[in-house]
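Peer 1:
Number of protein chains: 2
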Amino acid sequence: MKKEPNMQNISLDTLFELSEFFKFFGDTTRIRVIHLLLSGEMSVSAIAEKLNLEQSVVSHQLRILRTANLVKPTRDGRKIYYALDDEHIGEIFNTGLAHILHKKKG
Amino acid sequence: MKKEPNMQNISLDTLFELSEFFKFFGDTTRIRVIHLLLSGEMSVSAIAEKLNLEQSVVSHQLRILRTANLVKPTRDGRKIYYALDDEHIGEIFNTGLAHILHKKKG
DNA sequence: TGTATATATGAATTGTTGTTCATGTATTCA
DNA sequence: TGAATACATGAACAACAATTCATATATACA
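Protein chains in written order, with the working numbering: chain A, 454 to 559; chain B, 454 to 559.
(1) Could you tell me if B:Gly493 is buried or exposed, where buried requires 16 or more neighbouring beta carbons within 10 angstroms of its beta carbon?
(2) According to DSSP, is A:Glu496 helix, strand or coil?
(3) Taking buried to mean at least 16 other C-beta atoms within 10 Å of its own C-beta, is B:Asp529 buried or exposed?
(4) Please classify B:Ile487: does DSSP put it in a helix, a strand, or coil?
(5) For the alpha helix (DSSP H) containing A:Asp466, name the first residue and the last one.
(6) Between which two residues does the beta strand (DSSP E) harbouring A:Arg528 extend?
(7) Using CA atoms only, rank isn't needed, just tell me which of B:Thr467, B:Asn462, B:Leu554 is closest to A:Lys558.
(8) From A:Lys456 to A:Leu491, what distance separates their C-alpha atoms?
(9) Can you confirm whether the segment 520 to 529 of chain A touches the segment 499 to 506 of chain A when touching is taken to mean that 3 or more C-beta pairs between the two stretches lie within less than 8 Å?
(10) At least one CB of chain B closer than 7 Å to the CB of A:His513: is that the case?
(11) Applying a beta-carbon distance threshold of less than 7 Å, which residues of chain A neighbour B:Ala551?
(12) Would you mind working out which of B:Ser464, B:Leu471, B:Ile553, B:Thr481 sits nearest B:Val510, comparing C-alpha positions?
(13) Hey, would you say B:Phe474 sits closer than 7 Å to A:Gly543, going by beta carbons?
(14) Taking all protein chains shown into account, decide if A:Arg483 is buried (16 or more other Cβ within 10 angstroms of its Cβ) or exposed.
(15) I'd like the span of the alpha helix (DSSP H) that includes B:Leu616, first residue to last.
(16) Please classify A:Arg516: is it buried, with 16 or more other beta-carbons within 10 angstroms of its beta-carbon, or exposed?
(17) Give the DSSP bridge partners of A:Leu537, in chain order.
(18) In its own chain, which residues sit with a C-beta less than 6 Å from the C-beta of A:Arg485, not counting the 5 before and 5 after it?
(19) From this set, B:Thr527, B:Tyr535, B:Arg531, which residue's C-alpha is nearest B:Leu518's C-alpha?
(20) Could you tell me if A:Ser464 is buried or exposed, where buried requires 16 or more neighbouring beta carbons within 10 angstroms of its beta carbon?
(21) Just grab the DSSP bridge partners of A:Lys532 for me.
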């Protein structure tokens, strides 16, 4: 019995984690925050202003991303700067983006 | 004012579509189905049996993936075989998987 | 045509998730 | 120490999404 090239043996547990991981990208607010942070670190208030969102909305979503170690906070005085904390985020973002843009053309 | 290398100008609309796209991968049932179909097309009942899920659960999720053109059905008699219908699915799946496996190693 | 098989789907239910609003904590500075 | 600023957080609410159960449709075959 032959295996196809793309097939891999992945545990149920890993598949669960994988879906949990993709969930972080599956929300408009979070993907906008991620997109913004691709250009560099930014304070909470700056993010909120740039995205025209309430501060608490941004804080709540940042907490989710922070808990998942996708962003990392650095305090400077009263401000807290958030930066992407995962090498794969840009890659995944761009792979998904390529799909969307390709679809738009076709 | 200089732009960082990873920054791109992406419309709000595109970002919304992007998050919608990632949602498809953000569910355990769907990611398991996608994973299964990476090895080739499979009938609904075969998917349900392989994943130990009820037929209606699989059908409902396949409809979501079908509506998004991520899978494509082909009827053969009474059976309907579903196959992945997007070149980017495997790429996205594997990029996310790389992240999970990398994280597991510590 | 009647029965069995394979799949799809609608409605109800349940669980989950995002936002809002109010408030709490930390820091700065006068 | 008190006021202002920046951010975090808990609880309530609303919206959404997944599963379940019952049933409908389509095909095959006797």
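Even for Gly, the Cβ is constructed at its ideal location relative to N, Cα and C.
Peer 2: In terms of the structure at hand:
(1) Position 40 of the second sequence, counted from the first residue, corresponds to residue 493 of chain B. When all chains shown are included, B:Gly493 counts as exposed.
(2) As a first step, residue 496 of chain A is located in the first sequence; it is residue number 43 there, counting from the start. What sits at residue 496 of chain A in the sequence shown is Ser, not Glu. Reduced to three states, the DSSP call for A:Ser496 is strand.
(3) Translated into positions along the second sequence, residue 529 of chain B becomes position 76. B:Asp529 should be labelled exposed.
(4) Along the second sequence, read from residue 1 onward, the residue named residue 487 of chain B stands at position 34. Reduced to three states, the DSSP call for B:Ile487 is helix.
(5) Within the first sequence, the letter at position 13 stands for residue 466 of chain A. In the DSSP assignment, A:Asp466 falls within the alpha helix (DSSP H) that extends over 465 to 476.
(6) Translated into the one-based positions of the first sequence, residue 528 of chain A becomes position 75. Unbroken beta strand (DSSP E) run through A:Arg528: 524 to 529.
(7) One-based indexing of the first sequence puts residue 558 of chain A at position 105. If we check each option's Cα against that of A:Lys558, B:Thr467 comes out closest.
(8) For the purposes of this step, residue 456 of chain A is identified with residue 3 of the first sequence, where counting begins at 1. For the purposes of this step, residue 491 of chain A is identified with residue 38 of the first sequence, where counting begins at 1. Because the pLDDT of A:Lys456 is 43, which lies under 50, any placement of that residue in the model is unreliable, and the number read from its coordinates should be weighed accordingly. The alpha-carbon atoms of A:Lys456 and A:Leu491 are separated by roughly 38 Å.
(9) no
(10) By one-based count along the first sequence, residue 513 of chain A stands at place 60. Output row for A:His513: interface = no.
(11) The sequence position of residue 551 of chain B within the second sequence is 98, counting from 1. In chain order: His541.
(12) As a working note, residue 510 of chain B is residue 57 in the second sequence. Nearest C-alpha to B:Val510: B:Thr481.
(13) Residue mapping note: residue 474 of chain B aligns to position 21 of the second sequence, counting from 1. Residue mapping note: residue 543 of chain A aligns to position 90 of the first sequence, counting from 1. No, they are not a contact pair.
(14) Stepping through the first sequence from its first residue, residue 483 of chain A is reached at position 30. Counting Cβ neighbours within 10 Å, A:Arg483 comes out buried, since at least 16 surround it.
(15) A query on residue 616 of chain B cannot be resolved here, the shown segment of chain B reaching from 454 to 559 and no further.
(16) As a working note, residue 516 of chain A is residue 63 in the first sequence. A:Arg516 should be labelled exposed.
(17) By 1-based counting over the first sequence, the position of residue 537 of chain A is 84. Answer is A:Val524.
(18) Along the first sequence, one-based indexing puts residue 485 of chain A at 32. If we look at A:Arg485 and ignore the five residues flanking it on each side, its Cβ neighbours are Leu504.
(19) Along the second sequence, one-based indexing puts residue 518 of chain B at 65. For the residues B:Thr527, B:Tyr535, B:Arg531, the minimum Cα distance to B:Leu518 belongs to B:Tyr535.
(20) For the purposes of this step, residue 464 of chain A is identified with residue 11 of the first sequence, where counting begins at 1. Flag for A:Ser464 reads exposed.
(21) Here residue 532 of chain A is taken as the residue at index 79 of the first sequence, counted from 1. DSSP lists A:Asp529 as partners of A:Lys532.
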